[in-house]
Amino acid sequence: MGFILTLFFILPSCAPKPQLIRESSSKIKPVWIEKPPQSQEFLYFVGLCSSCDSLQAAQESAIKDALSKISQFVGVQVRSLFQEETTELEKHLSRQLRSKSESNLLGVQLVDWYFEKTTRLDRNFSLEKYDVYVLTSYSKGSAWEERERQLKNKKSQSLSALELYGRGKRASLEGKVWLGIRMLKQASKILESVGEDVEFFEGQIKDTNELKSLLQNEIQKTMELLKGFTLSVKVSGLENGALAFNSSFMGALSPFGYVLQKENPSLEIVGEIYLMKGGLVLSNRVYTAEGNVSVQKKGDGKTIASAHVNAKGFHRELNQSALNALEEAGKSAAEALKDQLILHEQQFLEEANP
């Protein structure tokens, strides 16, 4: 492609003035830049790049812009065939700029292009900038075929999300909270990839917008169950000693959102604590509470946190000394398990999150 050179001369004065040199690929700027052609067979899209540093960079950027406009028109999602082939399309159209090839790829074809180059000369300094416009065509048949393909794919994805929503909800009701939240998060991720609203035409849920709202509520409700637990710690050496341990343990763990829950808890906390009587320290009786406490996921029984406890209690009265030891043991166990539980929950949510 040739170019037209336009040179603006500035008459000299006391100090040299900057010069602007403008070049263009044709004398008249193409009409299609402002008004793309109309056709029964093709759709036309104009891509542009302004003030690029090189002609090649401007061409590539203009092509990307044209392909982006085609994608927006067709409604292409990230995983569609068109998007997967975008890089190859860019290379293909760039080759057309050089070779004038008339072939097309996936229905996209380069029709024409135009550039303007502006050079600013100021003493020993020069600066070049390029404006490039490309006209591309896209077969209407290809566009409608792609739209139909995407619509079919979106319907299939939406039905998969609907199925996962039902399965995740049932799993949570059955006490399989970890499995339930994973399915619900997966359903939410699928709906994000679908993007636009899709109707189901049957069943109680009307469309994907309604499903998104239901999913959000169900995820929030199920997330609360992630911190629910049952507590079964056996204490040997003092009648009703488990009450002192459990009360202290729950009091230390509850500020972090973990609560005792009878229905559908996700965690089972189990353990065994032994009380051992010691001697005297400054006229105070001494008791030691020692043992192990662990946290298991309800459903698969997997241990996700564990702690060894060794705590002492002091008091002039023997019984109160034992109770003090159990209270300290409860606090110590909660503190040791808390960090492990929070870390496990964070890791799980990172894996499950879209």
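Sequential numbering of the sequence shown, starting at 2, is according to this note's numbering. Here a beta-carbon is modelled for each residue, glycine too, at the ideal position from N, C-alpha and C. Predicted model, so just to flag it, every value in this text is computed and none were measured.
Taking 8 Å as the threshold, find out whether the region 139-157 comes into contact with the region 193-200 through three or more Cβ pairs.
yes
Using only alpha-carbon positions, find the residue among 32, 278, 329, 162 that is nearest to residue 45.
32
Could you name the residues of the same chain whose beta carbon sits closer than 6 Å to that of residue 308, not counting the 5 residues immediately before and after it, in chain order?
294, 334, 337, 338
Is there contact here, the region 279-298 with the region 307-322, by at least three beta-carbon pairs under 8 Å?
yes
Could you compute how far the alpha carbon of residue 125 sits from the alpha carbon of residue 20?
11 Å
Just the C-alpha distance for residue 117 and residue 59, rounded to the nearest angstrom, thanks.
10 Å
Residue 259 in three-state terms, based on DSSP
coil
Where DSSP assigns a beta bridge to residue 129, which residues make up the other side?
120
Close Cβ partners of residue 199 (< 7 Å) along its chain, the five nearest in sequence each way excluded:
155, 156, 159, 208, 209
If you reduce the DSSP assignment to three classes, tell me which class residue 42 lands in.
coil
Residues in its own chain within less than 7 Å of residue 55 by CB, not counting five upstream and five downstream?
131
Cβ distance (whole Å) where residue 1 is taken to contact residue 236 below 8 Å:
The chain is shown from 2 up to 355; residue 1 falls before or after that span and cannot be answered.
From the DSSP output, in three-state form, read off residue 285 for me.
strand
For residue 278, name the three-state secondary structure that DSSP assigns.
strand
Counting C-beta neighbours from all protein chains within 10 Å, is the total for residue 280 16 or more, i.e. buried, or is it exposed?
exposed
What's the gap between the Cα of residue 167 and the Cα of residue 174?
11 Å
With residue 30 as the anchor, note down where its alpha helix (DSSP H) starts and where it stops.
Neither: residue 30 is in no alpha helix (DSSP H) and is coded neither H nor E.
Taking 9 Å as the threshold (C-beta atoms), are residue 231 and residue 270 in contact?
yes
Can you tell me whether residue 266 is buried or exposed, with buried defined as 16 or more other CB within 10 angstroms of its CB?
buried
N- and C-terminal bounds of the beta strand (DSSP E) containing residue 20:
20-25
Taking C-alpha atoms, which residue in 148, 179, 129, 204 lies nearest to residue 164?
204
Element boundaries [beta strand (DSSP E), containing residue 311]:
304-316
Give me, in chain order, the residues of the same chain whose beta-carbon lies closer than 7 Å to that of residue 346; leave out the 5 immediate sequence neighbours on both sides.
227
Quickly, what does DSSP pair residue 361 with across the bridge? List them, please.
Any property of residue 361 remains undetermined from this structure, which presents the chain solely from 2 to 355.
Could you check the C-alpha separation between residue 359 and residue 342 for me, to the nearest Å?
Nothing can be reported for residue 359, as the shown portion of the chain is limited to 2 through 355.
Report, in whole angstroms, the separation of the C-beta atoms of residue 172 and residue 180, which I expect to be a contact under 8 Å.
5 Å
Just the Cα atoms here: how many angstroms apart are residue 357 and residue 340?
No answer is possible for residue 357: it lies beyond the span of the chain, which begins at 2 and ends at 355.
Just the Cα atoms here: how many angstroms apart are residue 364 and residue 65?
Residue 364 falls outside the range modelled here, since the chain spans only 2 to 355, and no answer is possible.
Taking residue 74 as the reference, which of 144, 29, 134 has the closest Cα?
144
Short of 7 Å in beta carbon distance, which residues of its chain neighbour residue 63, apart from the five on each side in sequence? Order them along the chain.
48, 49, 50, 133, 134, 135
Could you check what DSSP says for residue 264 in three-state terms: helix, strand or coil?
coil
Note the first and the last residue of the continuous alpha helix (DSSP H) segment covering residue 227.
Here residue 227 belongs to no alpha helix (DSSP H), and DSSP marks it neither H nor E.
Put residue 238 into one of helix, strand or coil per three-state DSSP.
coil
Exposure of residue 344, with buried meaning 16 or more beta-carbon neighbours within 10 Å:
exposed
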